[in-house]
Every structure is written in structure tokens, then in C-alpha cells.
Amino acid sequence: MNDSSWKPLEGDVDELLNVNNNPMGALAAGEIPAIILRNAFPSELCSQLVARFYERDLVPGLPKPGEPITGKLDFERIDIGTSLGMIGDDQNHFFAHTEKTTQIYKTLFAGMENPVHQLYDTITRLSPGKQAVTAYEPDGRRYGAAIIRCHMPHWGYAPHIDSVRIREVRTNYAVHRFNTQLGGILLIQAPENKPTGFDSIIHRCEWSENMDQELENHMVRRGDYDKEAFYAYAEKRQIASCGVSISEGDIYFFNSHRLHEAPFFTGNRPRIVLAVFFGYTDDDPEIFVWS
Numbered sequence: 068m069n070d071s072s073w074k075p076l077e078g079d080v081d082e083l084l085n086v087n088n089n090p091m092g093a094l095a096a097g098e099i100p101a102i103i104l105r106n107a108f109p110s111e112l113c114s115q116l117v118a119r120f121y122e123r124d125l126v127p128g129l130p131k132p133g134e135p136i137t138g139k140l141d142f143e144r145i146d147i148g149t150s151l152g153m154i155g156d157d158q159n160h161f162f163a164h165t166e167k168t169t170q171i172y173k174t175l176f177a178g179m180e181n182p183v184h185q186l187y188d189t190i191t192r193l194s195p196g197k198q199a200v201t202a203y204e205p206d207g208r209r210y211g212a213a214i215i216r217c218h219m220p221h222w223g224y225a226p227h228i229d230s231v232r233i234r235e236v237r238t239n240y241a242v243h244r245f246n247t248q249l250g251g252i253l254l255i256q257a258p259e260n261k262p263t264g265f266d267s268i269i270h271r272c273e274w275s276e277n278m279d280q281e282l283e284n285h286m287v288r289r290g291d292y293d294k295e296a297f298y299a300y301a302e303k304r305q306i307a308s309c310g311v312s313i314s315e316g317d318i319y320f321f322n323s324h325r326l327h328e329a330p331f332f333t334g335n336r337p338r339i340v341l342a343v344f345f346g347y348t349d350d351d352p353e354i355f356v357w358s
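Last residue of the sequence shown: number 358 in this note's numbering, and the count goes up by one each step with no gaps.
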């Protein structure tokens, strides 16, 4: 179901602030489905970054540019960086891994505009009175500043949430304190073919215990739902959705506590993004960013 009153804020930072004096606050409150900034990062630098990933052997196993990809490969993605969701169960391993990521990122963007800094600066500017910082523990240990994800063709993500509070329940991490978790993506390499026309679909539906109970027999895992079952649930309740389509160099932000999905794509190249999650609470002057 489409709802013309629930649409993304789109423009450059100054344009967005002229329309809404607190865009990230509006996103956290669910007033808008997304924030989109077109051509926020130079597309020619995106191409240079992809070449650098291969030159530095940071994507072992990833088909080289021009190599055909036949059908669905047996792996979903390759990451350059540290994922709290994937390895956060072992805190010592997680923070040891983030130190390695920090070392890689120190030189990965040498000689070009740093896209991680671009994301942080944009988050800060769209959040008046707040400052985006890499998440840290009280003892000073820092999280991964961002993560580069290389998604393979013919894979996709069913309707799901991303949440250290709700899905992963990581009470032993400092990021657990934030009421709302938002996400940010810079598209570095676009897929060749998008059958749905969208890179992401965001639903006007925040996770709830009642929804979880109703769909408990249709869960891929906690917070991830079978697409057909969720769409039936959404149709019955007239839940609106919004499709987001972006190009290389575009940035978009979304509320990861709301059901969202990444439709599968086809072709002979991965979809590569620079991604972050960040914690947002109205009365906290810091925005913790992590990967």
C-alpha cells in the first residue's frame, strides 16, 4: 500500500534543513520513511574504491569485474569491516576485530575524500544539537566506524528489523542504551538489474511483540519474517510502504526498527555499499555510530 503523505525527505543537507529543522528526529519518530541525498559522494571515487578493494585483496572470492556470475552463488556477501550483528556474541573477538578494521580503514581511503567522514558529517548536520561519533565502551574500546558490504546477485533480505535492543538484545554493549536504531548507506557500486526497481523497501510498521506473536510461525529468525506472510499481515492492516532507489554516490538513511527489506537483484556484479548503524535518543547529545 502506498501512502503519498509518507514519503522520503530528499535533497542536499541545506535543502533538507529548510524543509525540516530536525530531519533525523523526524526519521527516528517514524514521520518519514527515509532521507535521501543524491550525488553526495563523487561517483568517480566510487569506481576508484572498488578497484582498490581488488588491488588490496580485500574481497577474496569475489568475482573480478567482467567475470560472469551464473546463478545464485553459495555465499550472500563479503564484508570489509566488523559486524556487531555477526560476531558480537564474543565481545573480546568483536573488539579485537574492530582494531583490525581501524587499521585497514586508516589507509583505504588515502588520497581521496573519506566516505566514512562524509557519512558522519551528514548525520551530525541533519541532527541539530547532536554529534555523530564512533560508538565506544566506558573503558574506551571502540566499535567499527563503518562496514563495506559486497552483496551478491540473486540474494536479498526478507522483511526484517536490525536492532541491538530488540533482535540481538546485546545488553552488555553500550549501544544498547539507545531507544532507536537508524541506518545509513552510501551506494558504491550499483547492481546491473533490479527486477523490483528498488534497492530497499521500507514499511510503515515498527516491530512489536504482538506482530512477532502473530507471525511466529513465519519467522526466518527473530525479527526476520517470511515475505508472503508479512505482506498478508501488512495488507490486512493497510500498512504503507515506500520503495527507495539510489544510484552510485547517493546516501540514504532509514529507521532500522521499522520493517524493511532489500529485494534481490540480478546481473554480473555485486551491489557494494558503505553502511553504518547509529543510535539516536532525543535527550542524548551523542549519536553512537557502529557497524
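From the three backbone atoms N, C-alpha and C, an ideal C-beta is built for every residue, glycine too.
Do the region 334-349 and the region 218-231 make contact, defined as three or more Cβ pairs closer than 8 Å?
yes
- request: Within its chain, find whatever has a CB closer than 8 Å to the CB of Gly138; leave out the 5 residues flanking it on each side and keep chain order.
  value: Mapped onto the sequence shown, residue 138 falls at position 71. Cβ neighbours of Gly138 beyond the five flanking positions: His221.
Quick check on the DSSP output: the beta strand (DSSP E) that includes Arg338 runs from which residue to which? Within the sequence shown, residue 338 is the residue found at index 271, counting from 1. First-last of the beta strand (DSSP E) with Arg338: 338-347.
- Message: By the three-class DSSP mapping on this structure, what secondary structure does Arg271 have?
- Response: Start at 1 with the first residue of the sequence shown, and residue 271 comes out as number 204. In the structure shown, Arg271 sits in a strand (DSSP, three-state: E or B).
Status (buried if at least 16 other CB within 10 Å, exposed otherwise) for Thr174: Walking along the sequence shown from the start, residue 174 turns up at place 107. Counting Cβ neighbours within 10 Å, Thr174 comes out exposed, since fewer than 16 surround it.
Asn260 - partner residues in DSSP beta bridges
The count along the sequence shown starts at 1 and reaches residue 260 at position 193. Paired residues: Thr333.
- Message: Taking its Cβ as the centre, do 16 or more other Cβ atoms sit within 10 Å of Ser72, making it buried, or is it exposed?
- Response: The residue labelled residue 72 in the question sits at position 5 within the sequence shown. Under this definition Ser72 is an exposed residue.
Inset, instruction - Determine, using beta-carbon pairs with one atom in the region 86-96 and one in the region 298-305, whether at least three such pairs fall under 8 Å. - result: no
Q) If you drop the 5 nearest sequence neighbours on each side, which residues of the same chain put their C-beta closer than 8 Å to that of Glu143? A) For this step, residue 143 is matched to residue 76 along the sequence shown. Correct list, in chain order: His218, Met219, Trp222.
Q: Return the bridge partner residues of Leu193 from the DSSP annotation.
A: On the sequence shown, position 126 is the one that residue 193 refers to. Leu193 pairs with nothing; no bridge assigned.
| With a Cβ-Cβ cutoff of 8 Å, do Phe344 and Ile190 count as a contact? | The residue labelled residue 344 in the question sits at position 277 within the sequence shown. The residue labelled residue 190 in the question sits at position 123 within the sequence shown. Cβ atoms of Phe344 and Ile190: not closer than 8 Å.
*Helix, strand or coil for Ile255 per DSSP?*
Start at 1 with the first residue of the sequence shown, and residue 255 comes out as number 188. In this structure, Ile255 counts as strand in the three-state DSSP scheme.
- Could you tell me the distance, in whole angstroms, from the CA atom of Tyr187 to the CA atom of Tyr298? By 1-based counting over the sequence shown, the position of residue 187 is 120. By 1-based counting over the sequence shown, the position of residue 298 is 231. Near 34 Å, if we compare the C-alpha coordinates of Tyr298 and Tyr187.
**OP:** Run the CB neighbour count on Thr201, radius 10 Å, all protein chains shown included, and call it buried at 16 or more, exposed below.
**Re:** As a working note, residue 201 is residue 134 in the sequence shown. So Thr201 counts as buried.
- What are the boundary residues of the alpha helix (DSSP H) that Arg119 is part of? In the sequence shown, residue 119 corresponds to position 52, counting from 1. Residues 110-122.
Problem set entry | DSSP-derived helix/strand/coil call for Glu315 | As a working note, residue 315 is residue 248 in the sequence shown. Glu315 falls in the coil class under three-state DSSP.
Note to self: According to DSSP, simplified to helix, strand and coil, what is Asn89?
What the structure shows: Here residue 89 refers to the residue found at position 22 of the sequence shown. Asn89 falls in the coil class under three-state DSSP.
Legend entry - Through-space distance from Asn239 to Pro205, alpha-carbon basis: Sequence index remark: in the sequence shown, residue 205 carries index 138 (1-based). Sequence index remark: in the sequence shown, residue 239 carries index 172 (1-based). In a straight line, the C-alpha of Pro205 is about 11 Å away from that of Asn239.
Fill in: Run of the alpha helix (DSSP H) containing Glu166, from where it starts to where it stops
To locate residue 166, count along the sequence shown from 1; it is residue 99. Taken as a continuous stretch (DSSP letters only), the alpha helix (DSSP H) holding Glu166 covers 158-175.
message = For Arg192 and Thr263, what's the separation of their Cα atoms in angstroms?
response = For the purposes of this step, residue 192 is identified with residue 125 of the sequence shown, where counting begins at 1. For the purposes of this step, residue 263 is identified with residue 196 of the sequence shown, where counting begins at 1. About 32 Å.
Taking C-alpha atoms, which residue in Ser194, Val126, Gln198 lies nearest to Ala96? For this step, residue 96 is matched to residue 29 along the sequence shown. If we check each option's Cα against that of Ala96, Ser194 comes out closest.
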